[in-house]
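Quick notes on the structure that follows.
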Amino acid sequence: MTMGTNAQRSRYNRDAVLSATPVRLLTMLYDRLLLDLNRAEAAQQRQDWQIASDNLIHAQAIVSELSTSLNVDAWDGGEGLFSLYTYVSTAMVSANTHRDPARTRECISLLEPLRLTWHEAAELLPAAPVPIARLSGELGIG
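In structure tokens form, the structure reads like this:
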């Protein structure tokens, strides 16, 4: 890609995030999280440790964002979801430090059903604009 194409793609992704509803932002985060984990697992399988590490670290940042934005008191499953995020975060660190694709696969297996569920839930909700000030733009979810 050329420099201009990268800038255009970056601007498009930024605009997509800024105009997304809160539920769409959540599904975008889950999509990117699973993309990172699948890329990490593939890199681990071919022993490309730097690419695997980069993707696992980015996935950890997404899980951290999901954890910190979760209101555990808002619903009965909040504490369980927070515990899952904590477990998966620890598993990603282990997958990275021990170069263990099985741990990465475990994270994928735990998170993929949630990704699908959030997408299903998103289809049932009406669209609502998101306040621009809430977005940090550091997670590359576009």
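Take 2 as the starting number for the sequence shown in my numbering and just add one per residue.
The C-beta atom is built at its ideal place from N, Cα and C for all residues, glycine as well.
Name the residue from the options whose alpha carbon lies nearest to the alpha carbon of residue i.
i, options, result
"Ser65", "Ala103, Glu42, Gly81, Val89", "Val89"
"Gln48", "Leu112, Leu71, Ala96, Pro127", "Ala96"
Compute the Euclidean distance between the alpha carbons of residue i and residue j, then round it to the nearest angstrom.
i, j, result
"Ser110", "Leu85", "12 angstroms"
"Asp32", "Ala62", "14 angstroms"
"Ala91", "Thr118", "Before going on, a small fix: residue 91 reads as Thr here, not Ala. Taking the straight line from one Cα to the other gives about 23 angstroms."
"Leu125", "Asn72", "21 angstroms"
"Gln46", "Arg104", "12 angstroms"
"Thr22", "Leu115", "18 angstroms"
"Gly5", "Trp50", "30 angstroms"
"Glu107", "Val24", "25 angstroms"
"Glu80", "His120", "21 angstroms"
"Leu82", "Val94", "18 angstroms"
Can you tell me the Cβ-Cβ gap for residue i and residue j, rounded? I've got them flagged as a contact below 8 angstroms.
i, j, result
"Ile52", "Ala44", "4 angstroms"
"Glu113", "Leu26", "Not quite, the Cβ-Cβ distance comes to about 19 angstroms (not below 8 angstroms), so this is no contact."
With a 10 Å radius around its C-beta and 16 neighbouring C-beta atoms as the bar for buried, classify residue i as buried or exposed.
i, result
"Ala75", "exposed"
"Thr28", "buried"
"Ala122", "exposed"
Less than 6 angstroms between the CB of residue i and some heavy atom of the ligand ZN, yes or no?
i, result
"Thr6", "Although the ligand ZN was asked about, the structure shown includes no ligands whatsoever."
**Message:** Measuring CB atoms only, is the segment 30–39 touching the segment 56–72, in the sense that at least three cross pairs come out at less than 8 angstroms?
**Reply:** yes
Three or more C-beta pairs closer than 8 angstroms, one from the segment 66–76 and one from the segment 97–113: is that the case here? no
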